[in-house]
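S.K.: Numbering (the working numbering), first residue to last: 241 to 927. For every residue, glycine included, the Cβ atom is placed at its ideal position computed from N, Cα and C. Supplied in structure tokens, the structure appears directly below.
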Ligand code: ADP
Ligand code: MG
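The structure is reproduced here in structure tokens:
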């Protein structure tokens, strides 16, 4: 916190051990204490007559101790009976300090706070919170009691005291324009914090439940979303300010030549995306674009055209894929497209012939070669790309911020343009938030002539029937993928299962040619199996999830996924997207073994009902929540503490607009807002 008004540091006023515990839950600066908000409240501002206390209610009663004793039942326990003018109740402790029993002497006045339960004789409270009351009227608290998220070794009472101390310091400056708050019906920061930390007596705790969107909560969520927008737009602007090679388009360049040779016409959506990419590349600042399009929407050709533009301008381009199989496929596809144009490309694999690899690296280093295809291994040190002008990252959801940064170190003179491609469509709310540091282009149309995929759900019990149908289909020329179950705990086990499945299918279907591909094969072996399948020499390809992304064999029209209940929605959608690429009717069979958990059933129903990737992504977001959806650790984007992208969607657009305004007209205020909420984490984005 850069605010000079708050000098006394609360964290510095406690013991180092406590300070360490506090910092574990993010409580370091004074503002952090203020922004640490209650999970719920307890109402100790009122007293309930014992006669009116109902079983299940959480109440506070006050009275005089009639009697207390330590019983030696099955377990030692302390019992105390409390009486007020209307009745009596018992309190019971199974654990207690030796100092407690003497305090509960007959005649002493106490307040007990806790949940009313049915006891042996009348109503009782187990482990109530108690406070002694003096004869001469101890006042009731004036505010509801907040219950904060805490951590081991950090007592609620200690946390409450520190937060109360933070509230007594001069309030943090108000950073939002008052007119906007008035317009949105939001209180000031000070009022929102006071209300949430100390709701006045008489407030119904239910109105402050997070799902009830109380204006005080909305105020803080809005400011947090604003801080996130500011952080992301600043990261965007920082990268935008750098210099990148200008890649001009010419009427007869390699990209134009490829376009005239393609056996198909770009869809309108591809044309639009291409125009946006071309405009980006022609600027002297790095493109930072996310190209999203459903599985099979035709992103690769756009990547190819962009790479050709780099080559035509005498620069270099790389295409990076998350797996060797996918890199190999891209290499083959690009070779088909580029070879007739007389443009060579290098395939850099992690393993393989060392001499060849050396030679390829040398050609890239000397700029004799302009295009390289590989996995993220391309980012490793020995790969020098002195004229790198464009990096295309396929299936960007597997590509972290760290790798994004490594890319920049490949060249010294300028920053390459970055095109990230994703087949996991990002729901609008996430696109506006976690991806606000990228410009987004969406291909919202599939190439014509595709027949929708039929999706069937079947229990394991129908395996034999499915195999019989598969045999029949393959006999009449169909090709199928058989995806083996995901075994998260062990790759070895997964591999073993894949081998067993392959052996079993081969013995059940001796008349068919069945191949096997998995993550442990050498790249050349993988490539060979894929080639056989793609040439039609194999009827069935048994595979682990290595085929999840990007694999393109248009003739394959059947996919069986075993133990589909173990896969995530995005993964199922990706896998299913391997079929339905040709004109033939395609079928995806999801085998599952009951009983299903509620979420597994939910997932399978979603994938059964929907084929549109956006609808599936939206459902995925609903089921899993945004943090999981994007893999927050990977994203490198500050994690939201209060706001929830689904619930608070209406706040996002105004936050985005205000972020733009502040960044333009009041950059220092924008900075202060980002600091207040994200402090140190922002550094990562600007690194
Ligand atoms: P993805 O977006 O999933 O990466 P691909 O780029 O692999 O999709 O494209 C899927 C298939 O569609 C490929 O075989 C590709 O050549 C083909 N394709 C791409 N664009 C078109 C188009 N406009 N018309 C017809 N086929 C196309
Ligand atoms: Mg692809």
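Give every residue of the same chain whose Cβ lies closer than 6 Å to the Cβ of residue 871, excluding the five residues on either side of it in the sequence, and list them in chain order.
M.R.: Residue confidence for residue 871 is low, a pLDDT of 49 falling below 50, so the modelled location carries little weight; the figure read from the coordinates is stated next. Closer than 6 Å at the Cβ level, and outside the excluded window around residue 871, lies no residue.
S.K.: Quick check: the Cα distance between residue 241 and residue 915, rounded to an integer number of angstroms?
M.R.: The predicted position of residue 241 is uncertain, since its pLDDT is 43 and thus under 50; a value taken from the coordinates is nonetheless stated next. Distance between the alpha carbons of residue 241 and residue 915 is about 7 Å.
S.K.: List the DSSP bridge partners of residue 307.
M.R.: Looking at the DSSP assignment, residue 307 forms a beta bridge with 321.
S.K.: Within 7 Å: the Cβ of residue 540 and any heavy atom of the ligand MG?
M.R.: Yes.
S.K.: List in chain order: all unbroken beta strand (DSSP E) runs of 3+ residues lying wholly within the stretch 323 to 395.
M.R.: Whole beta strand (DSSP E) segments, 3+ residues: 328 to 333, 349 to 355, 363 to 366, 369 to 372, 385 to 387.
S.K.: Who are residue 662's beta bridge partners in DSSP?
M.R.: Answer by DSSP bridge pairing, in chain order: 532.
S.K.: Taking the runs of the alpha helix (DSSP H) that are 4 residues or longer, which of them lie wholly in the stretch 806 to 861?
M.R.: Qualifying alpha helix (DSSP H) stretches, in chain order: 809 to 816, 838 to 849.
S.K.: For residue 520, count neighbouring C-beta atoms within 10 Å of its own C-beta (all shown protein chains included) and say buried if the count is 16 or more, exposed if not.
M.R.: Answer is buried; the Cβ neighbour count reaches 16.
S.K.: In chain order, what residues of the same chain have a beta carbon less than 6 Å from the beta carbon of residue 497, not counting five sequence neighbours either side?
M.R.: The residues are 581.
S.K.: Counting Cβ pairs closer than 8 Å, one from the stretch 681 to 701 and one from the stretch 806 to 826, do we hit at least three?
M.R.: At 8 Å Cβ cutoff, the stretches touch.
S.K.: Enumerated in chain order, which unbroken segments of the alpha helix (DSSP H) with a length of 4 residues or greater are wholly contained in the stretch 426 to 454?
M.R.: Here the runs fully enclosed are 429 to 437.
S.K.: Compare the beta carbon distance of residue 542 and residue 514 with 8 Å and say whether it is the shorter of the two.
M.R.: Going by C-beta atoms, residue 542 is nearer than 8 Å to residue 514.
S.K.: For residue 308, count the other beta carbons within 10 Å of its own beta carbon; 16 or more makes it buried, fewer makes it exposed. Which is it?
M.R.: Buried, since its Cβ has 16 or more Cβ neighbours within 10 Å.
S.K.: Following the continuous alpha helix (DSSP H) through residue 730, name the residue where it begins and the one where it ends.
M.R.: First-last for residue 730: undefined, no H or E at that position.
S.K.: Using the Cβ count rule (16 or more neighbours within 10 Å means buried), how would you classify residue 857?
M.R.: The residue in question, residue 857, is buried, as its Cβ has 16 or more Cβ neighbours within 10 Å.
S.K.: Please tell me whether residue 888 and residue 465 are closer than 8 Å, where the distance is taken between their beta carbons.
M.R.: Contact flag set, yes.
S.K.: Is residue 280 helix, strand or coil by DSSP?
M.R.: Note: residue 280 maps to strand in three-state DSSP.
S.K.: Would you call the stretch 708 to 720 and the stretch 560 to 579 touching, i.e. three or more CB-CB distances under 8 Å?
M.R.: No, they do not touch.
S.K.: If we count Cβ pairs, one from each stretch, closer than 8 Å, do we get three or more for the stretch 538 to 554 versus the stretch 664 to 680?
M.R.: Not touching, per the Cβ criterion.
S.K.: For residue 343, which residues of its own chain have a beta-carbon under 8 Å away from its beta-carbon, when the five flanking residues on both sides are left out?
M.R.: Result list for residue 343: 372, in chain order.
S.K.: Taking all protein chains shown into account, do 16 or more other C-beta atoms lie within 10 angstroms of the C-beta of residue 892, making it buried, or fewer, making it exposed?
M.R.: By the neighbour-count rule (16 or more Cβ atoms within 10 Å), residue 892 is buried.
S.K.: Please find out if some non-hydrogen atom of the ligand MG comes closer than 7 Å to the beta-carbon of residue 684.
M.R.: Residue 684: no, Cβ never under 7 Å from the ligand MG.
S.K.: Excluding the 5 residues flanking residue 587 on each side, which residues of the same chain have their C-beta closer than 6 Å to its C-beta?
M.R.: Counting only Cβ-Cβ distances below 6 Å, and skipping sequence neighbours, we find 571, 613.
S.K.: Just to confirm, are residue 881 and residue 863 a CB contact at a threshold of 8 Å?
M.R.: No. Outside cutoff.
S.K.: Using C-beta distances below 6 Å, list every residue in its chain close to residue 476, excluding the 5 sequence neighbours before and after it, in chain order.
M.R.: 677.
S.K.: From residue 912 to residue 451, what distance separates their C-alpha atoms?
M.R.: Cα to Cα, the separation comes out at about 28 Å.
S.K.: Under 6 Å Cβ to Cβ from residue 257, same chain only, skipping five residues before and after it: list those, please.
M.R.: Within the same chain, residue 257 has no close Cβ partners at all.
S.K.: If distances are taken between C-alpha atoms only, which option among 478, 481, 525 comes closest to residue 488?
M.R.: Of the listed residues, the one whose Cα sits closest to residue 488 is 525.
S.K.: Taking only three categories from DSSP, how would you classify residue 245?
M.R.: Any answer about residue 245 is weak, because its pLDDT of 44 lies below 50 and its placement is not dependable; what the coordinates show is given next. Residue state, collapsed to three classes: coil.
S.K.: Quick check on the burial criterion: 16 or more other C-beta atoms within 10 angstroms. Buried or exposed for residue 779?
M.R.: The residue in question, residue 779, is buried, as its Cβ has 16 or more Cβ neighbours within 10 Å.
S.K.: Please report the distance separating the alpha-carbon of residue 367 from that of residue 346.
M.R.: About 19 Å.
S.K.: Hey, out of 467, 323, 334, 507, whose CA is closest to residue 685's CA?
M.R.: The option with the nearest alpha carbon to residue 685 is 507.
S.K.: Taking just the CA atoms, how far does residue 830 sit from residue 260?
M.R.: Taking the straight line joining both Cα atoms gives about 49 Å.
S.K.: If you count every other CB in all the chains shown that lies within 10 Å of the CB of residue 469, and 16 or more means buried, which is it?
M.R.: Flag for residue 469 reads buried.
S.K.: Can you round the beta-carbon distance between residue 700 and residue 552 to whole angstroms, since I take them to be within the 8 Å contact cut?
M.R.: That belief does not hold up - the Cβ atoms of residue 700 and residue 552 are roughly 54 Å apart, past 8 Å.
S.K.: With three or more C-beta pairs closer than 8 Å as the rule, is the stretch 282 to 296 touching the stretch 394 to 402?
M.R.: As far as the Cβ criterion goes, the stretch 394 to 402 does not touch the stretch 282 to 296, which means the pair count is below three.
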